[in-house]
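According to the working numbering, the sequence shown is numbered sequentially starting from 6.
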Amino acid sequence: MSRHALISGASIAGPALAHQLNARGWRTTVVERAPRLRDEGQNIDVRGAGREVLRRMDLEDAALAAGTGEVGLRFVDDDGGAVAEFPAGEGDTAGGTAEMEILRGELSRLVYERTQDATDYRFGEQIAALTDHGDGVTARLAGGEEIDADLVVVAEGTRSRTRELVLPDAEVTELGLQVAYLTIPRTDDDDRWWRWHSAPGSRSTSLRPDNRGTTRAMLAFLSDVRGLGELDRDAQITVLRRTYADVGWQAPRVLAALEDASLYFDAVAQIRLPRWSTGRVAVLGDAAWATGPFGTGTTLALVGAYILAGELGEGDVTTALARYEERMRPFAAQAQDVKPAALRAMNPRSGAGLAVQRKVLGLAGSLSSVFGGLVEKLAGPPAEGIELPDYHSAA
Ligand SMILES: Cc1cc2nc3c(=O)[nH]c(=O)nc-3n(C[C@H](O)[C@H](O)[C@H](O)COP(=O)(O)OP(=O)(O)OC[C@H]3O[C@@H](n4cnc5c(N)ncnc54)[C@H](O)[C@@H]3O)c2cc1C
Numbered sequence: 006m007s008r009h010a011l012i013s014g015a016s017i018a019g020p021a022l023a024h025q026l027n028a029r030g031w032r033t034t035v036v037e038r039a040p041r042l043r044d045e046g047q048n049i050d051v052r053g054a055g056r057e058v059l060r061r062m063d064l065e066d067a068a069l070a071a072g073t074g075e076v077g078l079r080f081v082d083d084d085g086g087a088v089a090e091f092p093a094g095e096g097d098t099a100g101g102t103a104e105m106e107i108l109r110g111e112l113s114r115l116v117y118e119r120t121q122d123a124t125d126y127r128f129g130e131q132i133a134a135l136t137d138h139g140d141g142v143t144a145r146l147a148g149g150e151e152i153d154a155d156l157v158v159v160a161e162g163t164r165s166r167t168r169e170l171v172l173p174d175a176e177v178t179e180l181g182l183q184v185a186y187l188t189i190p191r192t193d194d195d196d197r198w199w200r201w202h203s204a205p206g207s208r209s210t211s212l213r214p215d216n217r218g219t220t221r222a223m224l225a226f227l228s229d230v231r232g233l234g235e236l237d238r239d240a241q242i243t244v245l246r247r248t249y250a251d252v253g254w255q256a257p258r259v260l261a262a263l264e265d266a267s268l269y270f271d272a273v274a275q276i277r278l279p280r281w282s283t284g285r286v287a288v289l290g291d292a293a294w295a296t297g298p299f300g301t302g303t304t305l306a307l308v309g310a311y312i313l314a315g316e317l318g319e320g321d322v323t324t325a326l327a328r329y330e331e332r333m334r335p336f337a338a339q340a341q342d343v344k345p346a347a348l349r350a351m352n353p354r355s356g357a358g359l360a361v362q363r364k365v366l367g368l369a370g371s372l373s374s375v376f377g378g379l380v381e382k383l384a385g386p387p388a389e390g391i392e393l394p395d396y397h398s399a400a
């Protein structure tokens with residue numbers, strides 16, 4: 006009889022693991038707390054090893070075809086004039102915009118659609134309790150149903166609750182960066198550039214094109230206040246309105262759209278765990294090693310799913326979980342090496358600091374490779390920082 010994996014979380018890591026386990030003859034069930042596949046979020050870029058995983062999953066062309074068409078990153082002043090421009094890199098070069106630039110929700114949908122015939126998806130459900138019997142795990146869902154599995158994988162993102170049931174000693178480090186992602190109506194002025202405006206007080210507003218006829222906005226600011234991501238939607242809107250009340254450029258437009266926009270607001274945090282599994286329950290993706298800003302999360306989630314599925318295809322669950330952690334840990338640790346000074350440099354506090362930032366960006370604009378190198382430094386490891394093992398069984 007085929008082995009059965011119960012996976013919690015249907016964003017990137019969960020469906021990617023289901024895809025690769027299905028290919029190895031496993032039966033897969035995915036529970037997702039949201040009532041449907043979530044569409045929120047902005048462009049994420051997939052580079053290096055992450056892109057190679059998509060290639061091995063036969064999803065690379067589909068992901069490129071579903072790209073946002075973003076042509077590069079442009080820093081703008083209060084009037085929208087260009088301070089510096091960094092055109093999209095060809096291939097995998099580091100920089101603001103990668104060649105594979107796709108909405109998080111689109112990539113999630115692509116993997117979901119490739120798996121939905123083979124995987125049993127349960128939306129609006131979550132795990133309430135887990136009992137590990139040694140040779141299997143029984144999960145009780147919040148709705149009361151019990152599911153038996155050979156393995157349970159928690160891929161619920163940074164704020165995972167199921168992780169607390171099994172690996173309660175997660176260290177959560179909020180980096181002081183608060184980010185709100187919104188989808189707002191597109192206007193005639195919106196072009197194919199990712200436009201980024203910084204204001205004193207460590208606040209930025211950015212607008213990015215999507216392939217859905219809308220515009221993706223991001224309000225990001227540094228604040229020492231903890232727990233903003235856990236506020237309810239109305240309270241979050243109040244915080245954003247207050248924080249951006251005196252910011253110019255397109256901030257008033259974004260604030261005006263807040264009420265009707267789909268909004269995803271969170272404090273950027275890193276997760277560190279002394280181990281990534283206990284018995285037959287493992288964590289994967291942001292739930293295991295959230296890295297923080299700069300978009301390395303998706304590449305790591307894809308690579309982690311590839312390695313976990315590959316190891317499970319090679320041997321028994323216990324050995325596979327140990328080898329998965331052994332292979333992934335150095336890569337994740339490298340990605341977590343985010344310099345707080347870099348965060349501050351990207352988000353200057355004073356008007357003088359902002360003027361310096363604009364001068365430096367202006368200079369770097371004529372030396373794109375310098376900027377690429379800087380982003381790479383800020384983002385942690387190069388996406389090539391791990392060599393993908395070749396597993397005997399199919400991806
Ligand atoms: C809505 C959303 C928007 C995002 N937008 C961006 C973005 O714009 N830019 C960026 O760089 N990164 C964004 N991210 C984070 C990015 O997706 C991850 O860093 C990366 O892709 C790794 O993904 P993951 O699958 O490990 O975790 P996540 O993408 O965080 O997904 C976790 C999934 O688990 C579900 N879940 C949570 N708790 C439970 C539970 N108890 N039971 C069942 N399901 C649960 C969530 O609803 C979600 O679907 C976003 C994540 C989400 C969920």
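Ideal Cβ placement from N, Cα and C applies to all residues, glycine included.
Let me confirm a value: Leu368 is counted as buried when at least 16 other C-beta atoms fall within 10 Å, else exposed. Which label applies?
For the purposes of this step, residue 368 is taken as the residue at position 363 of the sequence shown. Answer is exposed; the Cβ neighbour count stays below 16.
Using only the heavy atoms of ligand 1, determine whether one of them is closer than 6 Å to the beta carbon of Tyr269.
Position 264 of the sequence shown holds residue 269. Answer for Tyr269: yes, Cβ within range of ligand 1.
7 Å Cβ cutoff met for Leu115 and Ala314:
One-based indexing of the sequence shown puts residue 115 at position 110. One-based indexing of the sequence shown puts residue 314 at position 309. Cβ distance not < 7 Å, so Leu115 and Ala314 don't count as in contact.
Using only the heavy atoms of ligand 1, determine whether one of them is closer than 6 Å to the beta carbon of Thr303.
Along the sequence shown, read from residue 1 onward, the residue named residue 303 stands at position 298. Yes, the Cβ of Thr303 comes within 6 Å of a heavy atom of ligand 1.
Can you tell me the Cα-Cα spacing of Ala310 and Leu289, whole angstroms?
By one-based count along the sequence shown, residue 310 stands at place 305. By one-based count along the sequence shown, residue 289 stands at place 284. Near 7 Å, if we compare the C-alpha coordinates of Leu289 and Ala310.
Here's the rule I'm using: 16 or more other beta-carbon atoms within 10 Å means buried, otherwise exposed. How should Ala384 be labelled?
The sequence position of residue 384 within the sequence shown is 379, counting from 1. Interpretation of Ala384 is limited by its pLDDT of 47, a score under 50 that renders its predicted location unreliable; no figure is taken from the coordinates.
Only counting runs of 4 or more residues, tell me where the alpha helix (DSSP H) segments fall wholly within the stretch 211–279, in order along the chain.
238–248, 256–262
If we ignore side chains and look at the alpha-carbon of each, how far apart do Pro386 and Asp291 end up?
For the purposes of this step, residue 386 is taken as the residue at position 381 of the sequence shown. For the purposes of this step, residue 291 is taken as the residue at position 286 of the sequence shown. Since pLDDT at Pro386 reaches only 49, below the 50 mark, its modelled position is unreliable, and the value read off the structure follows with that caveat. Cα to Cα, Pro386 sits roughly 16 Å from Asp291.
Give a yes or no on whether the C-beta atoms belonging to Glu106 and Glu75 are separated by under 7 Å.
Start at 1 with the first residue of the sequence shown, and residue 106 comes out as number 101. Start at 1 with the first residue of the sequence shown, and residue 75 comes out as number 70. Between Glu106 and Glu75, the C-beta spacing is below 7 Å.
With burial defined as no fewer than 16 other Cβ atoms inside 10 Å of the residue's Cβ, what is the status of Asp50: buried or exposed?
Sequence index remark: in the sequence shown, residue 50 carries index 45 (1-based). Buried.
Pair within 7 Å by beta-carbon distance, Asp83 and Gly253:
Numbered from 1 along the sequence shown, position 78 holds the residue referred to as residue 83. Numbered from 1 along the sequence shown, position 248 holds the residue referred to as residue 253. Cβ atoms of Asp83 and Gly253: closer than 7 Å.
When you compare each of Ser228, Glu150, Leu146, Ala306 to Ser16 by their alpha carbons, which one comes out closest?
In the sequence shown, the residue the question calls residue 16 occupies position 11. Taking only the C-alpha atoms, the option nearest Ser16 is Ala306.
With hydrogens ignored, establish whether the beta-carbon of Arg109 is closer than 6 Å to any heavy atom of ligand 1.
The count along the sequence shown starts at 1 and reaches residue 109 at position 104. Yes, the Cβ of Arg109 comes within 6 Å of a heavy atom of ligand 1.
For Arg41, which option in Phe128, Ala71, Phe336, Leu317 has the closest C-alpha, if you only look at C-alpha atoms?
On the sequence shown, residue 41 is found 36 positions in, with the first residue counted as 1. Sorting Phe128, Ala71, Phe336, Leu317 by C-alpha distance to the C-alpha of Arg41 places Phe128 at the top.
Alpha carbon to alpha carbon, how far is Gly162 from Gln255?
As a working note, residue 162 is residue 157 in the sequence shown. As a working note, residue 255 is residue 250 in the sequence shown. Whole-angstrom Cα-Cα distance: 30 Å.
At a cut-off of 6 Å, is Glu45 close to ligand 1 when judged by its beta-carbon and the heavy atoms of the ligand?
Working through the sequence shown from its first residue, we reach residue 45 at position 40. Answer for Glu45: yes, Cβ within range of ligand 1.
Outcome for Ser409 when other beta-carbon atoms lying within 10 angstroms are tallied against a minimum of 16
Residue numbering for the chain in the displayed model covers 6 to 400; residue 409 lies beyond these limits and cannot be assessed.
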